[in-house]
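Input: a single structure, listed below in structure tokens.
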Amino acid sequence: MKKPSDYNKNVKIDLHIHSTASDGTLSPLEILNLAQSINLGAISITDHDTIDGTKEALAIGIPPSINFLTGVEISAVPPPPFSFPGSFHILGYAINVDDSVLNQTLVKLQEARKNRNPRIIERLNRMGYEITLNEIRKDAGECQLGRPHIAKQMVKKGFVQSVSKAFDKYLAKGQPAYVDKYRIDCDRAIEVILNAGGIPVLAHPVLLDIKNDDVLETLIARLKEMGLKGIEAYYPDHTPDLIVRYTEIANRHGLLITGGTDFHGSIKPEIIMGSGRGNFSVPYELYENMVKSQNIVHKKHESCNTGIK
Ligand code: AMP
Ligand code: ZN
Ligand code: FE
Ligand code: FE
Numbered sequence: 000m001k002k003p004s005d006y007n008k009n010v011k012i013d014l015h016i017h018s019t020a021s022d023g024t025l026s027p028l029e030i031l032n033l034a035q036s037i038n039l040g041a042i043s044i045t046d047h048d049t050i051d052g053t054k055e056a057l058a059i060g061i062p063p064s065i066n067f068l069t070g071v072e073i074s075a076v077p078p079p080p081f082s083f084p085g086s087f088h089i090l091g092y093a094i095n096v097d098d099s100v101l102n103q104t105l106v107k108l109q110e111a112r113k114n115r116n117p118r119i120i121e122r123l124n125r126m127g128y129e130i131t132l133n134e135i136r137k138d139a140g141e142c143q144l145g146r147p148h149i150a151k152q153m154v155k156k157g158f159v160q161s162v163s164k165a166f167d168k169y170l171a172k173g174q175p176a177y178v179d180k181y182r183i184d185c186d187r188a189i190e191v192i193l194n195a196g197g198i199p200v201l202a203h204p205v206l207l208d209i210k211n212d213d214v215l216e217t218l219i220a221r222l223k224e225m226g227l228k229g230i231e232a233y234y235p236d237h238t239p240d241l242i243v244r245y246t247e248i249a250n251r252h253g254l255l256i257t258g259g260t261d262f263h264g265s266i267k268p269e270i271i272m273g274s275g276r277g278n279f280s281v282p283y284e285l286y287e288n289m290v291k292s293q294n295i296v297h298k299k300h301e302s303c304n305t306g307i308k
């Protein structure tokens with residue numbers, strides 16, 4: 000890790016980035032180059048249910064000016080009796096990418112994603128939209144296909160005006176082309192990340208869409224019992240008030256706070272790496288706190304492939 004004194008207070012980090020290994024549009028190499036050109040102090044590639052992008056970045060070699068954490072974003076099922084309409088995602092940081100249980104678990108989740116896409120297409124076809132998985136694959140290349148790729152194709156074919164309209168009218172939960180996918184239970188997601196030596200973090204709490212503050216706090220207490228280590232308090236959709244609120248919750252429960260933009264490249268063009276919609280930033284200090292917490296756990300695993308130098 001670079002010494003804190005190597006950085007001034009204005010150095011930003013971005014610990015939530017998607018690559019072409021999932022539904023981002025920049026390759027790991029392009030992400031490293033961009034992060035370097037905008038002087039980010041630390042990044043993590045956190046693809047949906049895959050660590051192929053993170054592995055590729057390690058294989059390419061991390062530029063010396065950037066601190067890199069391995070990462071993943073796992074879609075999980077909330078613990079009963081919690082039920083809410085939004086996206087429940089667990090981020091895993093500084094995971095050992097060679098961990099066999101982690102790799103096996105992710106393969107299973109990727110299979111589930113593959114099975115889901117044709118079913119979404121089938122629904123759209125039944126509604127009269129002529130769209131095929133082959134044409135989507137041709138445009139997307141060898142990445143892991145998901146709803147954003149289907150949405151992009153719908154825009155290209157003139158069925159809808161924008162990716163977000165495609166979600167709102169067809170692809171989002173509750174809409175006519177939505178198909179649920181197999182997800183793992185969150186206690187298992189947390190366990191797999193912990194066993195791979197990683198830091199499990201609750202992603203973008205605002206997107207859970209939990210209206211009641213007490214319910215959110217009870218959920219977080221429950222997740223902490225399961226081994227959760229952090230909350231993604233800094234996220235472009237979090238207002239300054241929300242950032243404060245999530246930070247307070249994290250402090251009350253002895254959890255780390257993390258942050259990132261959820262950069263996806265041109266599929267989500269309004270979000271810029273490192274600065275979200277323009278005025279967003281995540282302090283470098285959060286990265287340092289994560290690494291500090293990890294060094295204690297990590298002494299035994301020095302050879303692990305976690306990205307921590
Ligand atoms: P999937 O992996 O197929 O479940 O799709 C998840 C991706 O869809 C994530 O990258 C989200 O950013 C994106 N997404 C989810 N809901 C929406 C929405 N309402 N508008 C635009 N993108 C969305
Ligand atoms: Zn995504
Ligand atoms: Fe997410
Ligand atoms: Fe994400």
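Here numbering that gives the first Met the number 0 is used: position 191 in the sequence shown is 190, and no number is missing along the way.
Built from N, CA and C at the ideal position, the CB exists for glycine as well.
Residue i: CB within 7 Å of a non-hydrogen atom of ligand 2
i       : result
Ser-74  : no
Asp-13  : no
Pro-99  : First, the amino acid is wrong: residue 99 is Ser here, not Pro. The answer is no for Ser-99.
Asp-22  : yes
Pro-84  : no
Pro-147 : yes
His-203 : no
His-17  : yes
Range of the contiguous beta strand (DSSP E) that encloses residue i
i       : result
Leu-14  : 11-16
Leu-57  : That residue, Leu-57, is in no beta strand (DSSP E); its alpha helix (DSSP H) goes 51-59.
Ala-41  : 41-44
Ile-198 : 198-201
Ile-256 : 255-258
Ile-89  : 88-92
Residue i, DSSP secondary structure in three states
i       : result
Leu-227 : coil
Val-71  : strand
Tyr-181 : coil
Ile-271 : strand
Pro-27  : helix
Phe-262 : strand
Pro-63  : coil
Pro-175 : coil
Val-159 : coil
Val-281 : strand
Ala-20  : coil
Tyr-233 : strand
Gly-76  : The sequence shown places Val at residue 76, not Gly. Here Val-76 sits in strand by DSSP.
Inter-residue Cα distance where the pair is residue i and residue j
i       : j       : result
Ile-94  : Val-191 : 9 Å
Lys-210 : Ser-86  : 14 Å
Val-281 : Glu-224 : 27 Å
Leu-28  : Asp-213 : 42 Å
Leu-201 : Ile-183 : 15 Å
Leu-254 : Met-126 : 46 Å
Pro-117 : Asn-294 : 44 Å
Pro-268 : Asp-261 : 11 Å
Gly-229 : Pro-78  : 17 Å
Ala-397 : Phe-158 : Look at the range of the chain in this structure, 0 to 308, and you will see that residue 397 is not part of it.
Pro-239 : Pro-84  : 23 Å
Lys-156 : Asp-13  : 33 Å
Asn-133 : Met-289 : 42 Å
Gln-174 : Arg-115 : 15 Å
Gly-70  : Met-272 : 16 Å
Leu-72  : Ile-50  : Reading the sequence as shown, one finds Glu at residue 72 and not Leu. Approximately 9 Å between the Cα atoms of the pair.
N- and C-terminal bounds of the alpha helix (DSSP H) containing residue i
i       : result
Pro-117 : 99-125
Glu-129 : Unbroken run through Glu-129: none, as it is neither H nor E.
Leu-241 : 239-251
Pro-147 : 146-155
Ala-165 : 162-165
heavy atom of ligand 3 below 7 Å from residue i C-beta
i       : result
Ala-176 : no
Ser-265 : no
Asp-236 : no
Asp-48  : no
Residue i beta carbon near ligand 4 (any heavy atom closer than 7 Å)
i       : result
Asp-208 : no
Thr-257 : no
Thr-45  : yes
Contacts around residue i, its chain only, beta-carbon distance under 6 Å, and the 5 residues preceding and following it disregarded
i       : result
Leu-123 : Ile-130 and Ala-176
Ala-195 : Ile-94, Asn-95, Asp-98 and Leu-101
Thr-19  : Ser-26 and Cys-142
Leu-215 : Ile-209
Cβ neighbours of residue i in the same chain (closer than 8 Å, five flanking residues each side left out)
i       : result
His-263 : His-17, Asp-22, Gly-23, Thr-24, Pro-147 and Ile-270
Leu-285 : Ile-12, Leu-14, Tyr-233, Leu-255, Ile-256, Thr-257 and Gly-258
Residue i Cβ short of 7 Å to ligand 1 heavy atom set
i       : result
Ser-163 : yes
Phe-166 : yes
Ala-111 : no
Contact set for residue i: own chain, Cβ-Cβ below 7 Å, skip 5 residues either direction
i       : result
Ser-186 : At residue 186 the sequence reads Asp, which differs from the Ser that was named. Same-chain partners within the cutoff: Pro-78 and Met-225.
Lys-151 : Val-162 and Ile-266
Min CB distance residue i to chain B below 8 Å
i       : result
Ser-292 : Protein chains in the displayed structure number just one, and chain B is not present.
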